[in-house]
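Number of protein chains: 2
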Amino acid sequence: MPAIRAQPLAGLPEIRSGEDLAQLIVQAIADPAELEGAVVCVAHKVISKAEGAVVELAGVRATERALQIGREQDRDPRVVQVVLDESLEVLRSQRGVLITRTRHGFVCANAGVDASNAAAPDQLILLPRDPDRSARALRARLTELSGRRPAVLISDSFGRAWRHGQADVAIGLAGLHPLDDWRGREDSTGMRLQATWLAVADAAAGAADLARAKDSREPVVIVAGLERHLSEEDGPGAAALLRPLSEDLFR
Amino acid sequence: MPAIRAQPLAGLPEIRSGEDLAQLIVQAIADPAELEGAVVCVAHKVISKAEGAVVELAGVRATERALQIGREQDRDPRVVQVVLDESLEVLRSQRGVLITRTRHGFVCANAGVDASNAAAPDQLILLPRDPDRSARALRARLTELSGRRPAVLISDSFGRAWRHGQADVAIGLAGLHPLDDWRGREDSTGMRLQATWLAVADAAAGAADLARAKDSREPVVIVAGLERHLSEEDGPGAAALLRPLSEDLFR
């Protein structure tokens, strides 16, 4: 097997609303050939900023429910309100933790709403409205500008139910198979693999995150070596990684 | 930041009980310098096989509880019995899925008990008895044989509550910090990072898994570029990744 390589892209400027992220990426890349067969992994915050998926706290009015959770959790009720606005369902509100299902269907803390790496202290960054669409658009624009057709992966860091710390997962995807399905195929000894179904895109998101420091301005990481998981078409996106409600054992 | 690189180790023979895995690894490596500053990531099955953490189904007698779950899930009750024997607690037994907390404290399907990649069809491979100890022992032996002191990571593929597919996580660890704690530190704009606490070892396990195909005999992957997360001492191990019961919101 070829090696997997994750390399942060240096030299990107701060991303602002309305910015052409693809152009900034192509300008920052030394050799466009690096995009060939690569996965361009982008921390969602720069997508959210470029798309203006940002909320000014000053304009938020907390409902009774947000006020109550805010009191229980000793948190700014306006932040809680933004989390609720981004959520379909609250799964847990305990011990200062608010686990919800987002409008997209992601289960994570605070609906992915985040104040760190915001441009201003009274600003919250939301998840992109439709991260798969964002990934497809970025891929199309990268292809247009560079003449190469890399895959695009948009990531966020999610906590896990039974393990400490966060792991990056794919929330938007274009041109990379989200899953590698070995169920029913055979292993090296000829045994049928019963449950082997690899979340390739999430592992790629994790590898990209390993390559950057959290305080660095390196929101973009180029991952090479995943050629066998790439596709010419954009594919089903990160939405295909979501377990449907009917199979959820942990609501 | 330097690039992260994950390279499978080719040329390992099939691992049998009692085998000196460290010696096989050192023999398979072209240049021992590759071990310097590297993380040797090992799929747990070869550790389990080398340590004899294997159960012959023929010798298993199912209890009433295992018989009942076997009937409900249309599964061999002896397999269910082995899963129960490896578990402290059953979290869910629904829709053919048995989610338990293992003796080690891991929450996963079937207590990590697996028939694929077993040496024989009536054999089950268990998780290693004490994967952190296994990692420390392998690290010590690799150091002895190679004169280098790589970190060692033992991984398994776990399903996730709300997402399809499996992701590799660290179940045993020596010489690699399991977590990178940025809580209370500042991001690039000077904002305090409130929840940033990266599960470095799990991301490394995922990167290693990306580098190998499931049907290949490549249980060992060398991950380079994680020097800033390495430690001379073996450290707290993968046990430090486990969220304590008192913080578990999803039992």
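Order-wise, the sequence lines are chains A and B.
According to our numbering, the residues represented by the first sequence are 1 to 251, in order.
According to our numbering, the residues represented by the second sequence are 252 to 502, in order.
Glycine residues also receive a C-beta, built at the ideal position from the N, C-alpha and C atoms.
None of these values were measured; they are calculated from a predicted model.
- Residues near Glu-337 of chain B in its chain [Cβ-Cβ closer than 8 angstroms; skip 5 each side]: Thr-351, Thr-353, Arg-354, Ala-362, Gly-363, Val-364, Leu-377 and Leu-378
- Val-290 of chain B versus B:Val-341, B:Ala-386, B:Ala-491 and B:Val-403, residue with shortest Cα-Cα distance: B:Val-403
- What is the rounded straight-line gap between the Cα of Ala-43 of chain A and the Cα of Val-200 of chain A? 17 angstroms
- Does the distance from the CB of Arg-399 of chain B to the CB of Pro-283 of chain B come in under 8 angstroms? yes
- Item | Distance, Ala-135 of chain A Cα to Gly-321 of chain B Cα | 44 angstroms
- At a CB-CB cut-off below 8 angstroms, which residues of chain B make contact with Leu-241 of chain A? Arg-414, His-415 and Gly-416
- Per DSSP, the bridge partner or partners of Asp-383 of chain B: In the DSSP output, where bridge partners are listed per residue, Asp-383 of chain B has none listed.
- Query: So which residues on chain B does Leu-12 of chain A lean against when the C-beta distance must stay under 7 angstroms?
  - Reply: The contacting residues do not exist; Leu-12 of chain A stays about 11 angstroms from chain B at best.
- Task: List the residues of chain B that Arg-103 of chain A touches, going by C-beta distances under 8 angstroms, in chain order.
- Result: Here the premise fails: no neighbours, minimum Cβ distance about 15 angstroms.
- Determine, using beta carbons only, whether Ile-15 of chain A comes closer than 8 angstroms to chain B. no
- Rounded to whole angstroms, what's the CA-CA distance from Arg-411 of chain B to Gln-68 of chain A? Just pull it up for me. 31 angstroms
- Message: Bridge partners for Val-54 of chain A per DSSP, in chain order?
- Response: A:Ile-125
- Item | Candidates B:Pro-328, B:Arg-316, B:Ala-301 and B:Ile-298: closest to Leu-308 of chain B by CA position | B:Pro-328
- Proximal residues, the region 204-224 of chain A versus chain C, C-beta separation under 8 angstroms: No chain C is present in this structure, whose protein chains are A and B.
- Go ahead and pull the three-state DSSP assignment for Val-79 of chain A. helix
- Message: What does DSSP give as the partner residue(s) for Val-290 of chain B in the beta ladder?
- Response: B:Ala-402 and B:Val-474
- Query: Near Leu-389 of chain B, what residues of its chain come up, given a Cβ to Cβ distance below 6 angstroms and the 5 sequence neighbours on each side ignored?
  - Reply: Ala-273 and Val-403
- How is the beta strand (DSSP E) around Glu-89 of chain A delimited, first residue to last? 87-94
- Query: Can you list, in chain order, the residues of the region 54-77 of chain A whose Cβ is nearer than 9 angstroms to any Cβ on chain B?
  - Reply: none
- Does the distance from the CB of Ala-6 of chain A to the CB of Val-169 of chain A come in under 8 angstroms? no
- Message: Taking CB distances under 8 angstroms as the criterion, tell me whether Ile-4 of chain A reaches chain B.
- Response: yes
- Message: Between Leu-378 of chain B and chain A, is any beta-carbon pair separated by less than 8 angstroms?
- Response: no
- Task: Excluding the 5 residues preceding and the 5 following Leu-210 of chain A in the sequence, name in chain order all residues of the same chain whose CB lies nearer than 7 angstroms to its CB.
- Result: Ala-6
- Message: For Arg-243 of chain A and His-415 of chain B, which I take to be in contact (beta-carbon distance under 8 angstroms), what is that distance rounded to the nearest angstrom?
- Response: 5 angstroms
- Message: What does the alpha-carbon distance come out to for the pair His-229 of chain A and Ile-422 of chain B?
- Response: 26 angstroms
- Message: At the 8 angstroms Cβ level, is Leu-286 of chain B part of the contact set with chain A, yes or no?
- Response: no
- Measure the Cβ-Cβ separation of Gly-488 of chain B and Gly-206 of chain A and say whether it is below 8 angstroms. no
- Would you say Asp-453 of chain B faces chain A, with C-beta separation under 8 angstroms as the test? yes
- From A:Arg-251, A:Arg-129 and A:Asp-122, pick the residue whose C-alpha is nearest to that of Gly-59 of chain A; which is it? A:Asp-122
- Query: Bridge partners of Thr-314 of chain B, per DSSP?
  - Reply: In the DSSP output, where bridge partners are listed per residue, Thr-314 of chain B has none listed.
- Reducing DSSP to helix, strand and coil, say where Ser-157 of chain A ends up. strand
- Anything in the region 388-406 of chain B with a Cβ closer than 7 angstroms to a Cβ of chain A? List those residues in chain order, please. none
- Query: What residue from A:Val-82, A:Thr-63 and A:Ala-30 has the CA that sits closest to Ala-53 of chain A's CA?
  - Reply: A:Val-82
- Using the beta-carbon of each residue, which ones in chain A are nearer than 8 angstroms to Ala-450 of chain B? Arg-160, Arg-163, His-164, Gly-165, Gln-166 and Ala-167
- Task: Consider the Cβ of Leu-500 of chain B: report whether some Cβ of chain A lies at a distance smaller than 8 angstroms.
- Result: yes
- Apply the 10 Å Cβ neighbour rule to Ala-204 of chain A and answer buried if 16 or more other Cβ atoms are within range, or exposed otherwise. buried
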